[in-house]
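Enquirer:
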Amino acid sequence: MNLSIKNLITFKKTPLNLLVAVIGALLLAAFVAGAVMYFLHGHHAFNVTRQHPWGLLIAMYVFFVVSSTGLCIISSIGHVFGVKEFQQIGKRAIAGAIITILSGFAVIALEIGHPITMLIYNVLTPGLTSAIWWMGTLYGIYLCFILLEFFFLTIKVDHKWSKIFGIGGLLAGLAAHSNLGAVFGFLISRPTANGVFYPVYFILSAMITGCYLIYIIYGFKYRNNYPDHLKAMFLKLNKILGMLLGILIFFEAWKILTALYGTMPERAETIMYAVTSPNFLIGELLLGMLIPFFIILFTNGQAIKPMVYASLTGMIGIFFMRYDLVHDTLVYPMTMLKRSEYQLPPTLLHYFPSPTEMMIGFGGIGITILGLYVAEKVFNLDPDPEH
Amino acid sequence: MKVEISRRRFLQGSVALTVAGGVSMTPASVLASAAKVEDIGKTKIVATLCEMCVNKCAVYAHVKNGIIKKLDPNPYFPKSRNMLCPRGNSGLASIYDEDRLKYPLIRDGEKGSGKFRRATWDEAYAYIGEKLTKILDEEKDNRSTVAFCAGEGMAEHTFKNFYTGFGSAHFLNHASLCLATTVSGYSLTIGGYGQSDLENANYVIMAGANRAEAIVTPDTMDFFKRTKGRGAKLVTVDPRFTNTAAKSDKWLGINVGTDLAFVLALTYVVLKEGIYNKDFVEKHFNDFETYKNHVISNGYTPEWAEKITGINADDIYEVARDFMKHAPQSIYYQGRRTTWSKNDFQLRRAQAIFSALGGGIDIKGGICFGKKIPMEGHEVPSPIYDQSEPRIDSTEAAVVGGSGTWVGFRNKVLEGRAEYPIRALFNYKHNPMQNMPNSKKTEEFLKKLDLVVTIDTMPSDTVMLSDVILPECTYLERTDPAKVYGGIEPAIVQRNKVVDPMYESKPIIDIMRGLTEKISKPLFEITKKYDEEVQDAIKEDGEEATYEEFDLTLAFKQTQEELNHHAVSKHPGAAESLHEKGVFYPNMDKWFKKINVNEYEYYPESEKAYSVRNGKFKTPSGKIECNLSSLTKRGIDAMPTWKKEYEMVIPDGQFRFVTGRHAQFTQSGTANNKMLLDLVPTNYLWINKRVAARMGIKFGDELEVASSVGKTRIKAYPTEKIGLDTVFFIHGFGNYSEELTLAHNNGGRDSNIIEDSIEPMHGATCLHDTIVEIRKV
Amino acid sequence: MARYGMALDYKSCINCRACESACKAENGVLPGRDNYRIWVGQKEIEGQFPKLSISSLTYQPSQCQHCDNAPCQQVCPTNATYYDENGVVRVNPEQCILCTYCINACPYDARYIDDRTVTVDKCNFCSDTRLANGETTTACQATCPTKVRTFGDLDDPNSDISKLLEKREYKQIKEHLGTKPKLFYLL
Ligand SMILES: Nc1nc2c(c(=O)[nH]1)N[C@H]1C(S)=C(S)[C@@H](COP(=O)(O)OP(=O)(O)OC[C@H]3O[C@@H](n4cnc5c(=O)[nH]c(N)nc54)[C@H](O)[C@@H]3O)O[C@H]1N2
Ligand SMILES: Nc1nc2c(c(=O)[nH]1)N[C@H]1C(S)=C(S)[C@@H](COP(=O)(O)OP(=O)(O)OC[C@H]3O[C@@H](n4cnc5c(=O)[nH]c(N)nc54)[C@H](O)[C@@H]3O)O[C@H]1N2
Ligand code: SF4
Ligand code: SF4
Ligand code: SF4
Ligand code: SF4
Ligand code: SF4
Ligand SMILES: [Mo]
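Residue numbers (numbering that gives the first Met the number 0), protein chains in the order written: chain A, 0 to 386; chain B, 0 to 776; chain C, 0 to 186.
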């Protein structure tokens with residue numbers, strides 16, 4: 000560990016480093032500004048409404064915890080399941096998992112009206128039928144586990160304990176994450192979200208996110224120039240990712256087909272809207288799935304460098320998946336009746352995040368960047384020599 | 000007065016209400032102001048009456064620590080049937096409106112500049128006194144140079160006593176802007192306007208009456224529980240698809256202003272097919288054959304009417320036959336605001352006759368006349384001033400009654416055609432700037448007067464053009480005259496003060512007392528100067544005795560509580576009941592019953608006043624009058640007749656404008672009400688969707704609506720609920736007054752664009768005869 | 000102890016919105032576009048003038064359905080949403096963390112955020128303003144001109160509502176979701 004301030008603020012001033020530093024600083028500033036706006040105006044600073052109560056912040060929260068869970072799962076391929084090539088990324092991946100979930104918590108703390116009350120009554124009067132309660136509680140446990148895991152990986156190196164907490168973290172993470180899926184899946188009021196799809200889909204997309212993030216983190220660290228042992232890992236990762244993307248595409252296709260088949264009123268309209276929107280076609284489908292998938296497919300899983308860039312588009316795609324998940328779930332109003340003579344007949348709802356929401360939501364990425372930077376500085380995230 | 004009879008005899012005959020003994024022995028409990036005892040922290044409930052509109056529903060006001068927290072329905076009043084409409088609920092926002100008039104104001108700058116200075120009540124009274132004596136001196140005590148106008152209200156009567164004592168010929172109120180033609184049309188034809196028994200009718204034609212939105216009690220409450228296949232059939236005739244239309248079995252989207260043709264065609268069918276109530280017609284119709292010939296020979300066939308009204312002939316046949324099938328429990332509903340077009344009076348006559356052809360008059364399920372409960376009057380002086388000239392507006396229409404023709408009056412003054420100058424106006428609870436078409440003219444009219452005194456609660460557009468503004472307290476802060484509401488289930492009701500008046504506002508009776516104390520004597524001095532009769536009387540009886548008959552203060556000596564107590568003194572227990580429950584009718588203790596959470600019984604079936612006339616109607620012949628030949632010498636048709644001039648051509652690309660109500664607002668008086676604006680923030684122009692699309696107009700677009708007399712701006716509401724050549728928006732918005740912070744410039748102002756023509760019978764205004772152009776801005 | 004519900008003779012509704020203003024006054028609901036516990040829904044009319052479909056335009060008075068099987072209650076992480084002893088679905092502002100999950104979960108759009116407590120609010124059958132004082136009607140019922148609503152105890156066979164539901168047919172809204180709503184629309 001190296002905690003000196005001097006160490007913390009010195010880095011090599013390459014253009015890429017500078018660019019990331021500036022972006023990170025701007026995002027952090029945005030986050031703080033957004034937080035101030037929120038404390039001044041409460042939810043009125045957001046563009047959420049009675050009919051569309053969730054928006055960008057929930058999407059970004061999901062985005063972060065998906066990232067966290069994904070990193071946790073991918074890291075566990077190595078040190079939980081013992082796949083050798085993956086053991087070297089363990090520490091960095093777990094650090095990333097911790098940082099991303101903290102970023103997520105920072106964002107959600109500004110979305111939930113009363114986070115302190117939450118801490119109290121989550122314990123005093125637990126809502127055991129609530130997916131949010133389980134998700135929150137399990138993520139709490141998850142965070143404890145991966146913190147301990149990280150502790151035993153980097154600070155007090157103890158492989159037995161790190162493995163135990165690693166398994167615990169993985170299980171808690173999987174449970175928490177599928178519960179997050181269930182937060183949507185349990186919504187009987189929302190026919191497109193309701194059902195088994197989201198809990199399963201969440202795990203799947205978490206794994207994909209984990210893969211993308213590993214590409215990006217290592218791509219950045221090694222400037223796309225890898226030592227052999229990493230190349231071996233990436234080649235495996237390519238295969239895993241290719242398969243995962245294949246499954247995802249397959250899943251999505253069936254979700255869409257079943258939702259459209261028979262044109263069940265609310266469901267079919269919502270899915271029609273969802274799959275014809277540019278968010279889905281360009282964001283989710285092209286950037287998030289097809290570009291990475293086809294690169295893997297056409298290079299037979301041999302391309303590593305392009306996959307770093309494909310992972311960047313992939314993460315943009317993942318963002319749209321989160322955003323659309325929230326928006327598409329809520330897009331169909333719970334009543335299609337007019338409430339006043341003087342209004343247009345209700346249609347699918349419009350939502351576009353407010354500046355404050357964007358500042359908080361995207362600002363959260365600044366927290367992640369800062370966290371990763373600090374972690375790199377403070378901890379040795381590369382494999383220990385004996386590995 | 001150059002009449003033979005002595006002035007004194009004349010005087011005695013002209014006491015406004017019958018005399019009665021003094022007021023004594025009033026139990027303190029009844030007189031104690033309802034709001035005086037306040038247990039802090041506890042909720043006190045005061046029974047009172049709503050005055051957010053004409054209906055006067057019974058209310059319970061919940062008061063805590065001197066503040067009214069909630070208004071709830073009070074079940075005791077048979078007319079209001081335990082309900083409060085949205086406006087009734089929003090009375091809270093009316094008493095606690097920050098824009099309220101708070102103290103007397105005297106104009107301090109150009110008229111219309113909006114500049115006023117705060118004055119004490121005494122200053123205001125003195126100012127009025129000075130101006131009035133000057134005017135009357137200059138006009139040689141012609142009292143009619145001072146005009147009086149008032150909106151409808153429980154205390155209109157109190158203000159009217161001032162007018163009566165003052166001796167002017169000019170009283171003007173809402174009648175010629177509202178219901179004059181239907182009241183007289185039905186009265187002259189069947190002997191009364193009556194009450195439609197919508198609780199028992201089986202078939203109702205509601206034409207141009209929107210009871211689901213323009214709320215009239217108990218009609219609104221009684222009827223819509225029985226529509227939609229639940230007992231009563233409803234045919235709605237309206238150029239718009241209203242909420243009432245949504246409740247009907249049949250809706251006929253008629254061309255504006257063509258109802259007379261529709262009714263004549265209905266009449267034609269039943270006469271031709273002989274399906275009218277022959278027994279009733281035989282017994283109770285006067286000049287039936289003449290009317291029958293008139294209708295048949297003029298060829299008022301459904302096919303003829305179809306071309307005029309836009310309603311299918313088949314529909315007309317069907318409605319006519321169905322109506323008679325259900326008769327006598329069939330009603331052609333009288334309607335209320337019948338200020339539409341030139342033929343309003345004849346239309347209501349035709350409706351009344353058609354309704355009577357089914358026999359549904361003075362009978363359960365038909366149009367009933369009901370009963371009243373007698374009350375004691377109280378004496379107010381009604382002196383005759385020798386110099387007072389007759390009304391100037393009586394020449395403007397065939398029959399101008401005691402409430403005048405407002406537009407006729409205004410225009411005559413403006414055009415300089417008046418026989419003598421009109422110099423002052425006392426205005427109570429009335430907003431001519433909004434309620435009369437062509438605001439530009441009203442503004443000029445108000446500016447032309449030397450003295451305009453307005454008694455209002457809010458800084459209305461008219462208030463802003465007044466010279467002296469006297470703030471009345473709101474209805475929740477005053478006790479008003481007890482009043483009987485006659486009908487099938489009559490009752491006496493009384494508004495009880497709920498809380499003390501806020502700021503420096505006062506109830507009208509206190510204002511009148513203060514004002515008359517200040518001005519009565521000085522005005523009498525003027526009369527003394529010019530009135531020879533008075534000079535004679537003084538010589539005869541001495542000044543003091545003579546003055547007594549001119550003493551304007553006499554009508555306001557007692558408190559409202561005392562007057563009310565006296566008014567019901569013949570009914571044991573009435574005063575107490577009015578105080579505690581706000582309502583009284585004989586045997587109320589015995590008859591009033593709760594049937595279930597929603598329903599009450601007020602009178603046993605056998606005691607309801609369905610039939611009261613015993614076969615003799617209150618018309619000259621005691622029968623249904625088909626042929627009013629006496630009217631012809633005044634230029635009015637004896638029988639309803641369709642005229643070519645009634646067919647208005649709407650040029651291409653232009654529209655006929657109609658006005659009306661929504662359930663959330665009352666005329667112009669609620670435009671600043673926060674709670675109501677929360678329900679509907681502004682008014683919108685109804686324009687046909689297809690036409691709007693053609694014109695590139697979308698929902699919410701800002702439009703300019705212009706006519707030959709003015710223009711206004713309003714947002715667009717494209718809808719299929721209105722025809723291709725008609726546009727509509729509700730009345731009361733687009734206020735000029737900047738003091739109305741929420742109402743100022745909010746929405747479209749219909750009084751700007753409506754042309755100010757009047758119909759020939761009573762000089763009632765024609766609000767639906769204006770063609771407008773529309774432009775996106 | 001009761002099980003309160005409400006029957007709505009909705010065909011009588013004239014869409015006057017008195018229930019809305021009465022509820023706001025009774026329960027201190029703040030003005031504003033999204034702030035309401037009760038509302039009246041209507042469809043856009045079908046057809047073209049003058050051939051309009053009368054039946055396409057009915058008014059549907061609505062408020063919280065006080066579901067016996069309430070999704071809003073099930074999803075609440077802190078049990079801030081609870082069934083009180085009368086089966087009324089209520090929110091305890093002390094416990095509400097404003098996650099707004101319940102707003103998403105309610106199939107009826109019955110919930111909104113109250114800006115004074117900054118927690119979720121909804122119709123509570125006037126429990127604290129009226130029922131707590133021994134009153135037996137709700138503000139919206141009492142004020143209604145055409146007496147659309149009948150509020151009462153579904154467990155009491157002699158209550159007005161029980162008697163109504165015994166003799167009149169009714170429909171419920173989104174019944175297929177299994178929410179067991181306690182608002183009954185009389186046919
Ligand atoms: N364009 C158009 N004109 C119309 C109509 C229309 O539909 N369109 N409708 C017509 C009809 S039917 C009528 S009845 C008339 C109504 O016309 P008005 O009799 O003028 O009634 P409001 O427009 O309600 O205005 C009432 C005034 O009384 C004041 N006021 C309210 N309460 C009190 C009180 O307690 N004391 C005092 N002193 N003042 C009070 C209000 O502030 C307001 O200024 O308008 C007619 N004019
Ligand atoms: N909520 C509410 N209730 C009120 C009032 C209020 O201001 N607000 N005011 C009270 C008063 S003072 C009055 S006078 C009454 C008014 O009560 P109503 O007279 O029933 O109501 P309005 O809305 O003035 O007009 C009635 C209808 O006439 C239609 N109409 C226009 N032109 C024609 C035509 O040529 N033929 C036919 N058949 N219909 C036509 C309009 O579209 C409108 O729907 O309401 C009383 N009740
Ligand atoms: S109808 Fe409404 S505004 Fe009119 S008196 Fe009744 S409650 Fe008041
Ligand atoms: S108060 Fe009654 S009639 Fe009016 S909108 Fe509400 S439910 Fe309908
Ligand atoms: S209607 Fe909505 S808020 Fe009310 S109980 Fe049912 S789910 Fe909950
Ligand atoms: S917003 Fe409040 S009441 Fe609703 S689910 Fe969250 S904690 Fe429960
Ligand atoms: S029951 Fe009470 S809280 Fe619920 S909508 Fe009616 S008035 Fe409002
Ligand atoms: Mo009127």
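Ideal Cβ positions, reconstructed from N, Cα and C, are used throughout, including at glycine.
Decide if residue 780 of chain B is buried, meaning its Cβ has at least 16 other Cβ atoms within 10 Å, or exposed.
Expert: What is shown of chain B runs 0 to 776, which leaves residue 780 of chain B out entirely.
Enquirer: Check whether the region 187 to 204 of chain A and the region 82 to 91 of chain A are in contact - that is, three or more C-beta pairs closer than 8 angstroms.
Expert: The region 187 to 204 of chain A, when compared against the region 82 to 91 of chain A, does not touch it at the 8 angstroms Cβ threshold.
Enquirer: Does the beta carbon of residue 210 of chain B fall short of 7 angstroms from some heavy atom of ligand 8?
Expert: False, no ligand heavy atom lies under 7 angstroms from that Cβ.
Enquirer: Would you mind working out which of B:308, B:213 and B:170 sits nearest residue 662 of chain B, comparing C-alpha positions?
Expert: Taking only the C-alpha atoms, the option nearest residue 662 of chain B is B:213.
Enquirer: Once DSSP output is grouped into helix, strand and coil, what is the label at residue 303 of chain B?
Expert: Reduced to three states, the DSSP call for residue 303 of chain B is helix.
Enquirer: Give the residues of chain A in contact with residue 679 of chain B, contact being defined as C-beta atoms less than 8 angstroms apart.
Expert: What residue 679 of chain B touches in chain A: 339, 340 and 341.
Enquirer: Provide the residue(s) that pair with residue 764 of chain B in DSSP beta bridges, ordered along the chain.
Expert: Residue 764 of chain B is bridged to B:757.
Enquirer: Give, in chain order, every residue of the region 40 to 60 of chain C whose Cβ lies closer than 8 angstroms to some Cβ of chain A.
Expert: The residues in question are 40, 41, 42, 43 and 59.
Enquirer: Would you report the Cα separation of residue 295 of chain A and residue 211 of chain A, rounded to the nearest angstrom?
Expert: Roughly 13 angstroms between the two C-alpha positions.
Enquirer: Starting from residue 426 of chain B, trace the beta strand (DSSP E) both ways and give me its first and last residue.
Expert: Per DSSP, residue 426 of chain B belongs to the beta strand (DSSP E) from 423 to 427.
Enquirer: In or out: residue 242 of chain A buried (at least 16 other Cβ within 10 Å) or exposed?
Expert: Answer is exposed; the Cβ neighbour count stays below 16.
Enquirer: What number of angstroms, rounded off, separates the C-alpha of residue 258 of chain A from the C-alpha of residue 336 of chain A?
Expert: The alpha-carbon atoms of residue 258 of chain A and residue 336 of chain A are separated by roughly 23 angstroms.
Enquirer: Can you tell me the Cβ-Cβ gap for residue 522 of chain B and residue 135 of chain B, rounded? I've got them flagged as a contact below 8 angstroms.
Expert: Yes, residue 522 of chain B and residue 135 of chain B are in contact; Cβ-Cβ is about 7 angstroms, under 8 angstroms.
Enquirer: Return yes when the C-beta of residue 238 of chain B is under 7 angstroms from any heavy atom of ligand 2, and no when it is not.
Expert: Yes, the beta carbon of residue 238 of chain B sits closer than 7 angstroms to at least one heavy atom of ligand 2.
Enquirer: Take residue 263 of chain B as the anchor and find which of B:279, B:243 and B:291 has the nearest alpha-carbon.
Expert: Minimum Cα distance to residue 263 of chain B is reached at B:291.
Enquirer: Between which two residues does the beta strand (DSSP E) containing residue 250 of chain B stretch?
Expert: Here the beta strand (DSSP E) through residue 250 of chain B covers 249 to 251.
Enquirer: Report, in whole angstroms, the separation of the C-beta atoms of residue 197 of chain B and residue 337 of chain B, which I expect to be a contact under 8 angstroms.
Expert: About 18 angstroms; that fails the 8 angstroms criterion.
Enquirer: Exposed or buried, which one is residue 600 of chain B when buried takes at least 16 other CB atoms within 10 Å?
Expert: Exposed, since its Cβ has fewer than 16 Cβ neighbours within 10 Å.
Enquirer: Please confirm whether residue 131 of chain A has its beta-carbon closer than 8 angstroms to some beta-carbon of chain F.
Expert: The chain labelled as chain F is not found among the protein chains of the depicted structure, namely A, B and C.
Enquirer: Using the three-state DSSP reduction, which class does residue 105 of chain B fall into: helix, strand or coil?
Expert: It is a strand residue.
Enquirer: Classify residue 544 of chain B: buried if its beta carbon has 16 or more other beta carbons within 10 angstroms, exposed otherwise.
Expert: With fewer than 16 Cβ atoms within 10 Å of its Cβ, residue 544 of chain B is classed as exposed.
Enquirer: Helix, strand or coil for residue 56 of chain C, going by three-state DSSP, please let me know.
Expert: Looking at residue 56 of chain C - three-state DSSP - the assignment turns out to be coil, as it is neither helix nor strand.
Enquirer: In the DSSP assignment, find the beta strand (DSSP E) that holds residue 44 of chain B and state where it starts and stops.
Expert: Here the beta strand (DSSP E) through residue 44 of chain B covers 42 to 48.
Enquirer: Quick one, which residues of the region 646 to 663 of chain B are near chain C if we go by CB-CB under 7 angstroms, in chain order?
Expert: Under the 7 angstroms Cβ criterion, the region 646 to 663 of chain B contributes 662 and 663.
Enquirer: Anything in chain C within Cβ reach of residue 113 of chain A, meaning under 8 angstroms, just list it in chain order.
Expert: Per Cβ cutoff of 8 angstroms: 95, 96, 97, 117 and 118.
Enquirer: Can you look up residue 743 of chain B in the DSSP assignment and give me helix, strand or coil?
Expert: Here residue 743 of chain B sits in strand by DSSP.
Enquirer: What in chain C is Cβ-close to residue 331 of chain A, meaning under 8 angstroms?
Expert: Within 8 angstroms Cβ-Cβ: nothing; residue 331 of chain A doesn't reach chain C, min ~11 angstroms.
Enquirer: Would you please verify whether the beta carbon of residue 152 of chain C is less than 8 angstroms from any beta carbon of chain B?
Expert: No, because no Cβ of chain B sits closer than 8 angstroms to the Cβ of residue 152 of chain C.
Enquirer: Run the proximity test for residue 167 of chain C: is its beta-carbon closer than 7 angstroms to any non-hydrogen atom belonging to ligand 5?
Expert: Residue 167 of chain C: no, Cβ never under 7 angstroms from ligand 5.
Enquirer: So, residue 516 of chain B versus residue 382 of chain B, is the Cβ gap smaller than 8 angstroms?
Expert: No. Outside cutoff.
Enquirer: Expressed to the nearest angstrom, what Euclidean distance is found between the alpha-carbon atoms of residue 444 of chain B and residue 413 of chain B?
Expert: Using only the alpha carbons, I get a separation of about 6 angstroms.
Enquirer: Hey, is residue 36 of chain C close to ligand 7, as in C-beta under 7 angstroms from one of its heavy atoms?
Expert: Yes, the beta carbon of residue 36 of chain C sits closer than 7 angstroms to at least one heavy atom of ligand 7.
Enquirer: Is residue 61 of chain A closer than 8 angstroms to residue 371 of chain A when the C-beta atoms are compared?
Expert: No, the pair does not count as a contact, with Cβ atoms beyond the cut-off.
Enquirer: Quick one: give me the first and last residue of the alpha helix (DSSP H) that residue 160 of chain A is part of.
Expert: Counting along the chain, the alpha helix (DSSP H) containing residue 160 of chain A begins and ends at 158 to 184.
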